[in-house]
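2 protein chains.
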Amino acid sequence: MTIVDVARHAQVSTTAVSKVLRNAYGASPAMREKVQRSIAELGYRPYAAARGLRGQTYTIGIMLPDIRNPFFPDIVDGVTDWFTDTDYQVLLGPGCNGEEAEARVTEAMIDRGMDGLILIAPVSPRSHLEHLANLVPTVVVGRHGHSPRYDTVVDDDLTGASLIVDHLVDLGHRRIAHIEHLETDPTRLAEMPNTLRTEGYRRAMSARGLADETDVVSTSYTQEGGYLGAQQLLAREQRPTAIFAGADFVAMGVLEALAEAKLSVPEDISLTGYDNTSFAALRSISLTSVDQAGHAIGGNAARLLLDRITDRGRPTVQVKLSPTLIVRNSTAPASK
Amino acid sequence: MTIVDVARHAQVSTTAVSKVLRNAYGASPAMREKVQRSIAELGYRPYAAARGLRGQTYTIGIMLPDIRNPFFPDIVDGVTDWFTDTDYQVLLGPGCNGEEAEARVTEAMIDRGMDGLILIAPVSPRSHLEHLANLVPTVVVGRHGHSPRYDTVVDDDLTGASLIVDHLVDLGHRRIAHIEHLETDPTRLAEMPNTLRTEGYRRAMSARGLADETDVVSTSYTQEGGYLGAQQLLAREQRPTAIFAGADFVAMGVLEALAEAKLSVPEDISLTGYDNTSFAALRSISLTSVDQAGHAIGGNAARLLLDRITDRGRPTVQVKLSPTLIVRNSTAPASK
DNA sequence: CTGAAAGCGCTAACAA
DNA sequence: TTGTTAGCGCTTTCAG
Chain A
1 MTIVDVARHA
11 QVSTTAVSKV
21 LRNAYGASPA
31 MREKVQRSIA
41 ELGYRPYAAA
51 RGLRGQTYTI
61 GIMLPDIRNP
71 FFPDIVDGVT
81 DWFTDTDYQV
91 LLGPGCNGEE
101 AEARVTEAMI
111 DRGMDGLILI
121 APVSPRSHLE
131 HLANLVPTVV
141 VGRHGHSPRY
151 DTVVDDDLTG
161 ASLIVDHLVD
171 LGHRRIAHIE
181 HLETDPTRLA
191 EMPNTLRTEG
201 YRRAMSARGL
211 ADETDVVSTS
221 YTQEGGYLGA
231 QQLLAREQRP
241 TAIFAGADFV
251 AMGVLEALAE
261 AKLSVPEDIS
271 LTGYDNTSFA
281 ALRSISLTSV
291 DQAGHAIGGN
301 AARLLLDRIT
311 DRGRPTVQVK
321 LSPTLIVRNS
331 TAPASK
Chain B
1 MTIVDVARHA
11 QVSTTAVSKV
21 LRNAYGASPA
31 MREKVQRSIA
41 ELGYRPYAAA
51 RGLRGQTYTI
61 GIMLPDIRNP
71 FFPDIVDGVT
81 DWFTDTDYQV
91 LLGPGCNGEE
101 AEARVTEAMI
111 DRGMDGLILI
121 APVSPRSHLE
131 HLANLVPTVV
141 VGRHGHSPRY
151 DTVVDDDLTG
161 ASLIVDHLVD
171 LGHRRIAHIE
181 HLETDPTRLA
191 EMPNTLRTEG
201 YRRAMSARGL
211 ADETDVVSTS
221 YTQEGGYLGA
231 QQLLAREQRP
241 TAIFAGADFV
251 AMGVLEALAE
261 AKLSVPEDIS
271 LTGYDNTSFA
281 ALRSISLTSV
291 DQAGHAIGGN
301 AARLLLDRIT
311 DRGRPTVQVK
321 LSPTLIVRNS
331 TAPASK
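Chains as they are written, first to last, in full-length UniProt numbering: chain A, 1 to 336; chain B, 1 to 336.
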C-alpha cells in the first residue's frame, strides 16, 4: 500500500497525492476531495521512514532524564496534548541519566530524522546542546541561561524558593534549613534549577532579615540525599524548625530520618518539598510543595518547537513560567 | 555525510561499507578494519530513515499505557538494559489510555518502520493485537492468554494473589476483602491481570476454607477506586479485618478512607497492595505488597522480541514469571 | 493546476 | 571477497 496505489486508485499522479498529504500548495479542492476519498478507502498511511528521506518524518523526540520522577509526566502530557491533532507523533527516549546516555539518545533521535527535539533537564554541557540545536530544531526545558541556538522553557525557581521561605517565615519560622543538590560543574552551577532554588532560598532569607540563619546542606536530589541531609541537620546544636527540601523526593528521605528520630511533622518540625508530585498529594504525607505547572511547561515547549520548525531562523525565545505554592499539612506555625 | 563519503574515504564500495555496518557476511577483516577506521574518522552515522526504506530501522517501540504508574519503569529498564550494546534503540510511545490512543501510537510506530513492538498491558481487543503482530514482530506484556501470532510475558497473578491471602490467613485473618478493577469486556475478563488477581483471591480463600468469607468490591485500579471501595467495606455489618487492594495505587485510596474513619493500619485493619511500587516502600506507608519482578519481565520481553525478529516463523512462546511477597508494616496478626 | 522524473541514503540482488 | 546496479516510498524541482 503505497502512494502509487493511491494515485492509481484516484486516477491522479503521485505528486498530487503527496501534495494532499502535506496540505501543500497546488491542488484543487476537487482533487483534494478525490484523493482524500481514495486514501480513506484504501486505508493508506504514509510511510514515515520514506518521507524522512526527502522531507520530514513528522516525529518529535522528547528526552527525559528519568521516567520515575513523577514530575516529568506532566510536562510530557503538556507536549503531547499540544501535538494532538497535528500530523506529528511524539516519542520518548528512555531513561537518560548522565551525559553519555543523553548523547546516545539524542544521536539516535537525530539518526532517525526527527523533526524536533525537546530536551528535559539535560545535564550535557551547553556546547553539546548547541551542537544538537544546529542539527535539528531544539527546545531545552529546565535549564536557565539563554542560548542563541535553542529556545528554552523554565519555571522561575528563584521565585519558587522564595514562596516557600516566605510561607515559613510567615508561620513564624526563623531557623529554616535547605537541602540542595550538590553541583560542581560550572555550567550547570549557573543553569540548573537546583542551584537557582538554593540561590532563591538565600535571597529570600536575606530579604526577610534572616541571612544569619541561612543553613544549606549539600547532598543530592534523591531520597537518600534527603535522609542524609536531614541527619546532618538534626545533629546541629540548634535544630532547624523547618526544612525546605529541594524536591519532593528529597522530602521523602527527610521524613524517614525524622521518623527515626521520633520527630513528627509538622508538630516538631515543618517540612516542604518542591515539584508538587503525586507523592506530596498523598493524604498520609500531605506535603507543602511548589507546583511548577508542568503541563504549561510542556505546552510552551511544544509551541516553541513547532514555531522553530516552521521558521528555523527566528531569534530564540526564553519562556519563564511562574510557580505556585501548594500549602498542605506538613507546615505549621513554629512552636513558641 | 553519507555512506558514499565513507566508501570514498576508505576507497571501497558502498556495499562494503554497508556490510561492515551490518556485520554482514562477505567482508574481509582487512576491509572491515579499513572501513571502521574511516567511519570513526569521519564520525559517520547511518541514517536510520534511509535504512528503514530497504531493511531495518534498528528501532524498537514500547507502548505503555501510563507513564505515571511507577511499576512500568522497571519493565522499561529491563527492556533497555537488554538492548544496550546492541544496535537497537528503544523509543517509548507516550500515554496511551484507551483503545483509540493505543491504535494511534502503534500505527505511528509501524509507520516509522519500527522493527519490533513491545506492548505493555494493552487494552485493545485481541484481534487488533494479532493484526499488529502480523505486521511487525510483537511481544505483549501483561496479558494472559496465548496467541499463535505474538509472544507474551506475564507475571503469575494467580499465585501473587494467593501469596497475599496465605500471608493474611497465616496471620490469623479470616474476613479478608478484596478490591478489584471492574472489567466487563469479555476478552479482557479472560486476559487482564486484574481479573486473575481476583480469581486467585477466590481460589486461595477457598483453598484455606474461607470461601464463605470471600468479599469482593468492584471499583477501579485508581486511588479513587480504593477510596470508594474501602468506604463500602467499612460500611459492612461485619467489617473485614484485612483488605487486599488489587494495586498499590488502590491501597493509597484505602489508606485515605481508613484515615478518615480514624482506623489505623495495621492495628485496626491490615492492608496489602500489589506491584511493590516505590509508594509501597516509603517508610511512612510501608505497605505489604507483591513484587512482580518488572525488570525480569522487561528483559524477557526484549529477548523474545529479538528472537522473533531473527526468526519470524518460530512458534510463539509464553513466559510466566513468579511474583514474590514483600512483607512490610501494613499487615499484622488479626486482633483476637 | 497537474504530472513526469530525478533523487534522498541505504540495502540486496547479482556479477565479476 | 568485492563492486555494480536497481530500487525502497516519498518529496521536489521543473515542464506542461
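Positions of the beta carbon are idealized from the N, C-alpha and C atoms, including for glycine. Here the structure is a predicted model, which means the values were calculated and not measured.
#### Entry: chain A contact for B:Ile-326 (CB, 8 Å cutoff)
By this cut-off, B:Ile-326 is not an interface position.
### Task
Return yes when the Cβ of B:Asp-307 is within less than 8 Å of the Cβ of B:Ala-280, no when it is not.
Cβ distance not < 8 Å, so B:Ala-280 and B:Asp-307 don't count as in contact.
### Query
Per DSSP, A:Gln-89 is paired with what?
The bridge partners DSSP lists for A:Gln-89 are A:Thr-59.
### Query
Are A:Thr-86 and B:Ala-49 touching if we call contact CB-CB under 8 Å?
In terms of Cβ geometry, A:Thr-86 and B:Ala-49 do not form a close pair [threshold 8 Å].
### Message
According to DSSP, A:His-178 sits in a beta bridge with which residue or residues?
### Response
Residue pairing of A:His-178 in beta bridges, as defined by DSSP: A:Val-216 and A:Phe-244.
### Task
Leaving out five residues on either side along the sequence, give the residues of the same chain with a beta carbon under 8 Å from the beta carbon of A:Ala-7.
Ser-13, Thr-14, Ala-16 and Val-17, listed in sequence order.
### Query
Going along the chain, which residues of its own chain have a beta-carbon closer than 7 Å to the beta-carbon of A:Ser-278, five neighbours each way excluded?
If you ignore the 5 residues before and after A:Ser-278, its C-beta comes within less than 7 Å of the C-beta of Pro-70, all in its own chain and listed in chain order.
### Task
Give a yes or no on whether the C-beta atoms belonging to A:Gly-116 and A:Ile-60 are separated by under 8 Å.
A:Ile-60 sits close to A:Gly-116, with the two beta carbons spaced by under 8 Å.
### Query
Roughly how many angstroms separate the alpha carbons of B:Leu-258 and B:Asp-157, rounded to a whole number?
Roughly 26 Å between the two C-alpha positions.
#### Entry: Cutoff 8 Å: B:Glu-256 Cβ touching any chain A Cβ
For B:Glu-256, the answer is yes, since a Cβ of chain A falls inside 8 Å of its Cβ.
### Task
Starting from the Cα of A:Ala-242, find the closest Cα among A:Tyr-44, A:Glu-41, A:Ile-269 and A:Ser-284 and give me that residue.
Of the listed residues, the one whose Cα sits closest to A:Ala-242 is A:Ile-269.
### Task
Indicate whether the contact test is met: 3 or more Cβ pairs, each with one atom in the region 292-307 of chain A and one in the region 71-82 of chain A, closer than 8 Å.
With the cut-off at 8 Å, the region 292-307 of chain A and the region 71-82 of chain A touch.
### Query
In chain order, what residues of the same chain lie with their CB nearer than 7 Å to the CB of B:Asn-194, ignoring the 5 residues before and after it?
The residues are Glu-180, His-181, Glu-183, Tyr-221 and Gly-246.
### Query
So which residues on chain B does A:Leu-321 lean against when the C-beta distance must stay under 9 Å?
Chain B residues near A:Leu-321: none, gap ~21 Å exceeds 9 Å.
### Message
For a cutoff of 8 Å on Cβ pairs, would you count B:Glu-107 as touching chain A?
### Response
Using beta-carbon distances, B:Glu-107 counts as an interface residue toward chain A, with a partner under 8 Å.
### Task
Starting from A:Pro-73, find everything on chain B with Cβ-Cβ shorter than 8 Å and list it in chain order.
Simply Ile-67, Arg-68 and Gly-95.
### Task
With 7 Å as the C-beta to C-beta threshold (strictly closer), list the residues of the region 171-201 of chain A near chain B in chain order.
Close to chain B, meaning a Cβ-Cβ distance shorter than 7 Å, is no residue of the region 171-201 of chain A at all.
### Query
Taking one C-beta from the region 314-331 of chain A and one from the region 316-323 of chain B each time, how about it: are there three or more such pairs within less than 8 Å?
Cβ pair count under 8 Å is below three, so no.
### Query
Assuming A:Ala-121 and A:Pro-65 make a contact with CB atoms under 8 Å, what is their CB distance in whole Å?
Rounded, the Cβ-Cβ distance is 6 Å, consistent with contact.
### Query
Per DSSP, what kind of secondary structure is A:Gly-116 in: helix, strand or coil?
Residue state, collapsed to three classes: strand.
### Message
Just list the residues that DSSP pairs B:Lys-320 with in beta bridges.
### Response
According to DSSP, which records beta bridges pairwise, B:Lys-320 is partnered with B:Val-154.
### Query
What are the residues of the region 153-170 of chain A that lie near chain B, defined by any Cβ-Cβ distance shorter than 9 Å?
Correct list: empty, as no residue qualifies.
#### Entry: Sequence-distant residues of its chain with Cβ nearer than 6 Å to B:Arg-197 (five each side left out)
Excluding sequence neighbours, B:Arg-197 sits near Asp-157, Ala-161 and Gly-246.
### Task
Keeping to the same chain, check which residues put their C-beta closer than 7 Å to that of B:Ala-211; ignore five residues upstream and five downstream.
Taking B:Ala-211 as the centre and dropping the five residues before and after it, the same chain places the C-beta of Met-205 closer than 7 Å to its C-beta, in chain order.
### B:Val-20 versus B:Ile-3 - alpha carbon distance
C-alpha separation (whole angstroms): 11 Å.
### Query
Who are the Cβ neighbours of B:Asn-97 in its own chain at under 7 Å, not counting the five residues just before and after it?
Cβ neighbours of B:Asn-97 within its own chain (closer than 7 Å, five residues either side excluded): Pro-65 and Asp-66.
### Task
From the DSSP output, in three-state form, read off B:Thr-222 for me.
Looking at B:Thr-222 - three-state DSSP - the assignment turns out to be coil, as it is neither helix nor strand.
### Query
For residue 361 of chain B, which three-state DSSP category applies?
The requested residue 361 of chain B is not part of the displayed model; chain B covers only 1 to 336.
### Task
Quick one: grab the DSSP three-state call for A:Ser-289.
If DSSP states are grouped into helix, strand and coil, A:Ser-289 belongs with the strands.
### Query
Where B:Ala-261 and B:Leu-233 are concerned, what is the direct C-alpha to C-alpha distance, given to the nearest angstrom?
Here the alpha carbons of B:Leu-233 and B:Ala-261 stand approximately 12 Å from one another.
### Query
Looking at C-beta atoms only, is the number of pairs between the region 128-139 of chain B and the region 104-115 of chain B that lie closer than 8 Å three or more?
A contact exists between the region 128-139 of chain B and the region 104-115 of chain B.
### Message
Suppose you measure from the CA of A:Arg-312 to the CA of A:Arg-208; what does that come to, to the nearest Å?
### Response
Distance from the CA of A:Arg-312 to the CA of A:Arg-208, rounded to the nearest whole angstrom, comes to 45 Å.
### Task
Would you check if the distance between the CB atom of A:Val-154 and the CB atom of A:Phe-244 is smaller than 8 Å?
For A:Val-154 and A:Phe-244, no; Cβs fall outside 8 Å.
### Query
Closer than 8 Å, Cβ to any Cβ of chain A: which residues of the region 238-272 of chain B, in chain order?
Near chain A, meaning a CB-to-CB distance below 8 Å, the residues of the region 238-272 of chain B are Met-252, Leu-255, Glu-256 and Ala-259.
### Query
Counting only beta-carbon atoms, is B:Gln-56 nearer than 8 Å to chain A?
No, because no Cβ of chain A sits closer than 8 Å to the Cβ of B:Gln-56.
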